[in-house]
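Report on the structure given below.
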Amino acid sequence: MLLLFALLLGVDAIKILQLADFHLDVDYSVTGDAKQMCHNVSSGAPGKLGKYGDYMCDAPEPLVVFALREAKRLVPDPDLVIWTGDNIPHIDNYDWNYVNNVMNITTTALFNQFPNTTILPTFGNHDYSPANAFDRNSVLYKACWELWKKQIDPSEKDRFLLGGYYKHRLGNTTVLMLNTNLYYRPNKAYDNFTNKEDPADQFAFMQSELETASKCRKQPSPGCSQTVHIVAHIAPGAFERTPNFTWFRDPYNEKFLKLTVDYADVIGMMIFGHHHTDTFHLVKDANGTAVQFVLMSPAVTPWFSSLNGAGANNPAFRLYDANYDGTFNDITTYYVNLTELNASPSNTSFLSEYSFKGAYNIKGLINLSAMVDLVERIKKDRAVLSTYISYNSVLWDPKMPVDIYLGGQLCSMEFADYPRYYSCLAQYNSSALHGFYMVMVVLLAVWLSDLLS
């Protein structure tokens, strides 16, 4: 309803709620073993875990329900909800019945909480049996079409059933809800792709929609869309907390970014999840000029990742005060301290963790130039870097990274393309090795001094 009034009044602003990475674990137990995903296992030691979860594990149902209730309290009437996938926990050996059950639970909970709001869902890499096995014409797409069809235009059914992606008209703009799990490096279905150049024809779909928007800008006509927003689970680029850890297979990252660069002038928002952390990337053209930026929202699950340099996070969701052209008036991230929630649930709520504009001292809109400036300030000003690091884990045990781990943060932020990311990271590799060699030289000098004295 708010969206309709905004369009009638010619207002450009739109409130978008993003919910990312529930990873609902229906087998979570307060007497489970935190070293075994908080499950009751015969070989594990019984624990005394919190009702709302543990930092070592995925989200129990009470946490997901609480997060949705708090989202409704804090953002009662969003114009749009984008739900960027990953509902299944980080476990092995689950079947399609498990997937269907969890997808039904999360869908029902979310749709019931926001019954009058358009909700745009997409898939995460774990929303499959087994995880990371996304192909074309999957039974998952058929099952979720039945769950989600009231939210998706009926004309998108064939495309959704083909590859789990679709488009949505948002005012005079278009939102592409993509299935980037197809491009994921660990995707087990890769060997089965009949067209490895363009699995499920999604790149062709992207290019067609972007080209249509480009033509519309050059020759506007009634009803044509001049701006395309891109939403998906996995973003191009690298994981900022683990150096040399990239998401897409190399050709897919290159192809995705080429489309982003070629059509940068018609692309608006680019919003993703998957990282569980709070971060962003710049997208640069061949000349090194930034042409787009990509935002990743933190997760609802607090799960501790075992990847080097990674960890846990406090549960979070995000509100975009956005404009149809893809700029933002502000971005507010809400969070709850999981320890406090478990200790005193009746007195603990989700709070505003931070305002993007306020925390980073951005004057005016959050747009490309503001993000380029922010990256430069993070690189040069330790206070700004410290602010970013605190929010990166949603205030969970923030520690300043050093050496190659600092490089992982800064290089992933500045370069979404792999060649320049690796080149940037090599500088920190060299720095770390130089430091190691200097220590060895000093130790050798001390040893020789002792030997000769």
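Residue numbers (this note's numbering): 3 to 455.
Every residue, glycine too, gets a C-beta built ideally from N, C-alpha and C.
Check your understanding: Between the C-alpha atoms of L412 and A135, what's the straight-line distance to the nearest angstrom?
Key -> The sequence position of residue 412 within the sequence shown is 410, counting from 1. The sequence position of residue 135 within the sequence shown is 133, counting from 1. Rounded to the nearest angstrom, the two C-alpha atoms are 31 angstroms apart.
Check your understanding: What runs of the beta strand (DSSP E), each 3 residues or longer, lie entirely inside the region 321-348?
Key -> 330-337
Point to revise | Between the CA atoms of V43 and W85 - distance to the nearest angstrom | key: Taking the first residue of the sequence shown as 1, we reach residue 85 at position 83. Taking the first residue of the sequence shown as 1, we reach residue 43 at position 41. Roughly 32 angstroms separates the two Cα atoms.
Review point. Going by other Cβ atoms of all chains shown within 10 Å of its Cβ, with 16 needed for buried, is L353 buried or exposed?
Key: Residue numbering aside, residue 353 sits at position 351 when the sequence shown is read from its first letter. Note on L353: under 16 other CB atoms within 10 angstroms of its CB, so exposed under the neighbour-count rule.
Point to revise | Sub-7 angstroms separation of A301 and A22 beta-carbons | key: For this step, residue 301 is matched to residue 299 along the sequence shown. For this step, residue 22 is matched to residue 20 along the sequence shown. Yes, these two residues count as a Cβ contact at 7 angstroms.
Check your understanding: Exposed or buried, which one is R75 when buried takes at least 16 other CB atoms within 10 Å?
Key -> Residue 75 sits at position 73 when you count from the first residue of the sequence shown. So R75 ends up on the exposed side.
Point to revise | Uninterrupted alpha helix (DSSP H) stretches inside the region 97-128 (no shorter than 4 residues) | key: Qualifying alpha helix (DSSP H) stretches, in chain order: 98-115.
Review point. Which of the three DSSP states, helix, strand or coil, is assigned to T182?
Key: Counting from one through the sequence shown, the residue named residue 182 turns up at place 180. T182 falls in the helix class under three-state DSSP.
Point to revise | C-beta contact flag for L70 and Q115 at 7 angstroms | key: As a working note, residue 70 is residue 68 in the sequence shown. As a working note, residue 115 is residue 113 in the sequence shown. Contact flag set, yes.
Check your understanding: Are V104 and I93 touching if we call contact CB-CB under 7 angstroms?
Key -> By one-based count along the sequence shown, residue 104 stands at place 102. By one-based count along the sequence shown, residue 93 stands at place 91. Result no, Cβ atoms of V104 and I93 do not sit closer than 7 angstroms.
Check your understanding: Under a Cβ-count criterion, where at least 16 other Cβ atoms within 10 Å of its own Cβ denotes burial, should W98 be classed as buried or exposed?
Key -> For this step, residue 98 is matched to residue 96 along the sequence shown. It counts as exposed.
Review point. Looking at the unbroken beta strand (DSSP E) that takes in I16, where does it start and where does it end?
Key: In the sequence shown, residue 16 corresponds to position 14, counting from 1. For I16, the enclosing beta strand (DSSP E) stretches over residues 15-21.
Review point. Which runs of the alpha helix (DSSP H) spanning at least 4 residues fall entirely within the region 233-275, listed in chain order?
Key: Restricting attention to alpha helix (DSSP H) runs no shorter than 4 residues, the region 233-275 encloses them at 252-264, ordered along the chain.
Practice item. Would you check whether the ligand PLP has a heavy atom nearer than 6 angstroms to the C-beta of F282? Key: For the ligand PLP, the structure offers nothing, since it holds no ligand at all.
Check your understanding: Does the Cβ of N255 have 16 or more other Cβ atoms within 10 Å, making it buried, or fewer, making it exposed?
Key -> Your numbering for residue 255 matches position 253 in the sequence shown. Label assigned to N255: buried.
Exercise for review: Reducing DSSP to helix, strand and coil, say where Q153 ends up.
Suggested key: Locating residue 153 in the sequence shown gives position 151, where the first residue counts as 1. Coil.
Review point. Roughly how far, in whole angstroms, is the beta-carbon of P62 from the beta-carbon of Y96, given that I think they are within contact range, below 8 angstroms?
Key: The count along the sequence shown starts at 1 and reaches residue 62 at position 60. The count along the sequence shown starts at 1 and reaches residue 96 at position 94. Rounded, the Cβ-Cβ distance is 16 angstroms, inconsistent with contact.
Review point. Which runs of the beta strand (DSSP E) spanning at least 3 residues fall entirely within the region 339-425, listed in chain order?
Key: 353-357
Check your understanding: Under the rule that 16 or more other beta-carbon atoms within 10 Å means buried, what is L122, buried or exposed?
Key -> As a working mapping, residue 122 is identified with position 120 in the sequence shown. L122 comes out buried.
Exercise for review: Just the C-alpha distance for N194 and F250, rounded to the nearest angstrom, thanks.
Suggested key: Position 192 of the sequence shown, counting from 1, holds the residue named residue 194. Position 248 of the sequence shown, counting from 1, holds the residue named residue 250. Taking the straight line from one Cα to the other gives about 17 angstroms.
Check your understanding: Near K359, what residues of its chain come up, given a Cβ to Cβ distance below 6 angstroms and the 5 sequence neighbours on each side ignored?
Key -> Numbered from its first residue, the sequence shown carries residue 359 at position 357. Only D332 meet the Cβ criterion.
Review point. Could you give the residue range of the beta strand (DSSP E) that holds A292?
Key: Position 290 of the sequence shown, counted from the start, is the residue given in the question as residue 292. Secondary structure note for A292: its beta strand (DSSP E) is the uninterrupted segment 292-298.
Review point. Three-state secondary structure (DSSP) at D27?
Key: Your numbering for residue 27 matches position 25 in the sequence shown. Here D27 sits in coil by DSSP.
Review point. In angstroms, rounded to a whole number, what distance separates the CA positions of D200 and P238?
Key: By 1-based counting over the sequence shown, the position of residue 200 is 198. By 1-based counting over the sequence shown, the position of residue 238 is 236. Each residue's alpha carbon lies about 16 angstroms from the other.
Exercise for review: Closer than 7 angstroms by C-beta to Q209: which residues in its own chain qualify, once you throw out the five before and the five after it? Chain order, please.
Suggested key: Position 207 of the sequence shown, counted from the first residue, corresponds to residue 209. Only L261 meet the Cβ criterion.
Check your understanding: Which residues mark the beginning and the end of the alpha helix (DSSP H) in which R138 is found?
Key -> Position 136 of the sequence shown, counted from the start, is the residue given in the question as residue 138. Taken as a continuous stretch (DSSP letters only), R138 belongs to no alpha helix (DSSP H), as it is neither H nor E.
Practice item. Taking all protein chains shown into account, decide if L456 is buried (16 or more other Cβ within 10 angstroms of its Cβ) or exposed. Key: No answer is possible for residue 456: the residues shown for the chain start at 3 and end at 455.
Review point. Hey, how far is the Cα of S433 from the Cα of T389?
Key: Along the sequence shown, one-based indexing puts residue 433 at 431. Along the sequence shown, one-based indexing puts residue 389 at 387. Because S433 sits at a pLDDT of 49, beneath the cut-off of 50, its placement in the model cannot be relied upon, and the following sentence gives the value as read from the coordinates. The straight-line gap from Cα to Cα measures roughly 24 angstroms.
Exercise for review: Tell me, to the nearest whole angstrom, how far the beta carbon of D419 is from that of L259; I am working on the premise that it is less than 8 angstroms.
Suggested key: Position 417 of the sequence shown holds residue 419. Position 257 of the sequence shown holds residue 259. Correct: roughly 5 angstroms between the Cβ atoms.
Exercise for review: Check whether the Cβ atoms of L19 and P80 lie closer than 7 angstroms to each other.
Suggested key: On the sequence shown, position 17 is the one that residue 19 refers to. On the sequence shown, position 78 is the one that residue 80 refers to. Against a cut-off of 7 angstroms, the Cβ pair of P80 and L19 comes out as a contact.
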